[in-house]
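Numbering (the UniProt record's numbering), first residue to last: 1 to 246. Shown next, in structure tokens, is the structure this report addresses.
As structure tokens, this is what we get:
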């Protein structure tokens, strides 16, 4: 059994998070552990209302779309979409190829370029109420940005609500009769949270496996007995490979 410096660091993280959970107590630590998930769920629920408000009651969409349209104009590719469509609802291959080439040339992450290409259809043009390629790109990006902004606002609001609830629960946890059990169970949750942190770090290394940093990190993981076990049962890595490794 071999433990490397990286494995020692991982164990230290678990000890640190476990001690932090013990010091905070179960109620505070369990709230911290599930805080993100609760906030994400609550934000998902209120986001449609926040998004509707931002789209209809603020100039955010129009201003962002104008800014995105300037990006399109700067690359001289604001062309009208042809009326002739193929059977799958897209423009004929020649035109769609030019538009795909233009999208690939935009200074955007690959995932956004792929999304723009995949959604370059007549149905999406109709949904965005546009009839030109330039308006499609600017409208799609603007909608995407506003959606992201509205979800961020929703997440902040959800955080405030959950923090308020957490303060109430923490006050209850300070009662003498449940204080001891509260700290012990808090330590267990702290260790669990530390394992999740390690899972996230190992997922990042997996995503970066084609880089020098990723290769070096994964090589260290393979050398360490403790990290090999953590990596083998990493739920996040297994889910990532299940969905994207096919």
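Heads up, the beta-carbon is just placed ideally off N, CA and C, and yes, glycines get one too.
The bridge partners DSSP lists for residue 67 come to none.
Taken in chain order, the whole alpha helix (DSSP H) runs of length 4 or more contained in the segment 133-169 number zero.
Contact annotation: residue 203 and residue 14 have beta-carbon atoms that are not nearer than 9 Å. Nearest to residue 234 by C-alpha distance, out of 213, 194, 189, is 194. The alpha-carbon of residue 7 is positioned some 40 Å away from that of residue 47. By the CB criterion at 9 Å, residue 149 and residue 60 fall inside the cutoff. Annotated three-state conformation of residue 224 is coil, per DSSP. At the C-beta level, residue 138 and residue 69 come within 9 Å of one another. Taking residue 49 as reference, the option from 128, 155, 108 with the minimal CA-CA separation is 155. For residue 130, same chain residues with a beta-carbon under 7 Å away, outside a window of 5 residues either side, are 136, 139 in chain order.
Comparing alpha-carbon positions, the option among 96, 101, 105, 142 lying closest to residue 120 turns out to be 96. Here the alpha carbon of residue 110 sits roughly 46 Å from the alpha carbon of residue 183. Contact check for residue 221 against residue 205 passes: the beta carbons are separated by less than 9 Å. Shown here, residue 230 sits in a helix according to DSSP, grouped into three states. The Cβ atoms of residue 21 and residue 166 lie no closer than 9 Å to each other.
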